[in-house]
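Residue numbers (our numbering): -5 to 326.
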Ligand SMILES: [Zn+2]
């Protein structure tokens, strides 16, 4: 089987962690941004996190370089387009990209400019390739909260038309959910779907909190529900979909090795798991690589693969019409 030929869905992919290294070099030169080197291989090395980092924070340092050139409307449109193009070329049929709009205001862009640019880039790719997508607006948990509602208000006009959901991302501390209850509530009232990064760094309780306190419909990672009975049962009983990202989980030491990843155990127990990239560049991966790694490591069958694919279809924050199209790739 050629893994590249399989239809794919990626529900968890960060824009700033998935920029082509060549584009960083190109944009930096256009924008007069000083890079530590002009050598493309060295740029690549600076952007890719080591196979195993000290921790999540070391991993997150890889985002500084891309963010430095993602401060203009043209750059955001291009990077968005290229990410959807790269995904389409490996048969990703549906891709949800997330990013923090507040991280792109350093050179004078407004929130409106930022959101319009990424949506425009996505739509350009949708018009050229057999791929559909949506954006998820991420808020960094450690950042000031004063502009969260403004992000949601500006994004509101794109709901159902390029933007679909609200997310909390960044380093994970125990008990973070309680601080965000009013924001998640506001997002839901506005019509946003909600997915929350939780249970990535060993705090199962954060997963049950994200579901009960923030109304999360999906969980980013969520792998540490293992050993936390309340969270595990809640995820399983309510069929809350987990967006797992195996390579990233190994890099950030969320699991000691791929063989220790709970993907297969979850799958066999009927937990709705999905396989995603997290960061194409920082994790040096693609959907093809992730699926190949997981299927090899855990000796999954094609049936297993399409069970995972179906979980992704049903959990996608998109219209019934697009879901119907995505279901059409499942062999009868
Ligand atoms: Zn993530």
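Cβ atoms here follow ideal geometry from the backbone N, Cα and C, with glycine treated the same way.
Quick one: what's got a C-beta closer than 6 Å to residue i's C-beta in the same chain, skipping five residues either side?
i, result
"residue 90", "5, 128, 130"
"residue 123", "82"
"residue 309", "212, 235"
"residue 7", "91, 271"
"residue 258", "292"
"residue 203", "171"
Using a Cβ-Cβ cutoff of less than 7 Å, which residues in the same chain neighbour residue i once the five nearest sequence positions on both sides are dropped?
i, result
"residue 13", "60, 73, 275"
"residue 188", "159, 160, 178, 181, 182, 208, 209, 210, 211"
"residue 15", "34, 37, 38, 41, 275"
"residue 199", "168, 222, 225"
"residue -2", "84, 85, 282"
"residue 280", "84, 271, 274"
"residue 306", "3, 5, 268"
"residue 311", "90, 128, 158, 159, 187"
How many whole angstroms separate the CB atoms of residue i and residue j, which I take to be in contact at a CB cut-off of 8 Å?
i, j, result
"residue 214", "residue 194", "7 Å"
"residue 201", "residue 168", "Their Cβ separation, rounded to whole angstroms, is 11 Å, which puts residue 201 and residue 168 out of contact at 8 Å."
"residue 115", "residue 134", "So it is not a contact: roughly 22 Å between Cβ atoms."
"residue 216", "residue 229", "7 Å"
"residue 292", "residue 324", "Not confirmed; about 20 Å, so no contact."
"residue 107", "residue 43", "Contact doesn't hold; Cβ gap of about 29 Å is too wide."
"residue 65", "residue 103", "7 Å"
"residue 340", "residue 239", "With the chain represented from -5 up to 326, any question about residue 340 goes unanswered, as that position is not in the structure."
"residue 233", "residue 192", "The pair is not a contact, with the Cβ atoms about 16 Å apart (cut-off 8 Å)."
"residue 149", "residue 109", "6 Å"
"residue 70", "residue 112", "5 Å"
Answer yes or no: the CB of residue i versus the heavy atoms of ligand 3, is any distance below 6 Å?
i, result
"residue 214", "As presented, the structure is devoid of ligand 3, carrying ligand 1 as its sole ligands."
Run the CB neighbour count on residue i, radius 10 Å, all protein chains shown included, and call it buried at 16 or more, exposed below.
i, result
"residue 246", "buried"
"residue 321", "exposed"
"residue 140", "exposed"
"residue 270", "buried"
"residue 256", "buried"
"residue 32", "exposed"
"residue 83", "exposed"
"residue 2", "buried"
"residue 137", "exposed"
"residue 100", "exposed"
"residue 297", "exposed"
"residue 313", "exposed"
"residue 11", "buried"
"residue 185", "exposed"
"residue 173", "exposed"
"residue 219", "buried"
"residue 302", "buried"
"residue 175", "exposed"
"residue 45", "exposed"
"residue 326", "exposed"
In chain order, what residues of the same chain lie with their CB nearer than 8 Å to the CB of residue i, ignoring the 5 residues before and after it?
i, result
"residue 120", "78, 126, 127"
"residue 145", "95, 96, 105, 131, 133"
"residue 19", "29, 32, 34, 37"
"residue 53", "43, 47, 242, 245, 246, 276"
"residue 62", "22, 27"
"residue 143", "177, 180"
"residue 98", "61, 64, 65, 70, 108"
Is residue i close to chain C? Criterion is C-beta to C-beta, closer than 7 Å.
i, result
"residue 186", "Included in the structure is just one protein chain, with no chain C present."
Is the segment 273 to 291 in contact with the segment 252 to 265, if contact means three or more CB pairs nearer than 8 Å?
Taking 8 Å as the limit for Cβ pairs, the verdict is that the segment 252 to 265 does touch the segment 273 to 291.
contact_flag[the segment 81 to 100, the segment 43 to 55] where n(CB pairs < 8 Å) is 3 or more
The segment 81 to 100 makes no contact with the segment 43 to 55, as fewer than three CB pairs between them are under 8 Å.
Can you find at least 3 beta carbon pairs, one from the segment 22 to 31 and one from the segment 75 to 83, that sit closer than 8 Å?
Inter-segment contact for the segment 22 to 31 and the segment 75 to 83 is absent: fewer than three beta-carbon pairs are separated by less than 8 Å.
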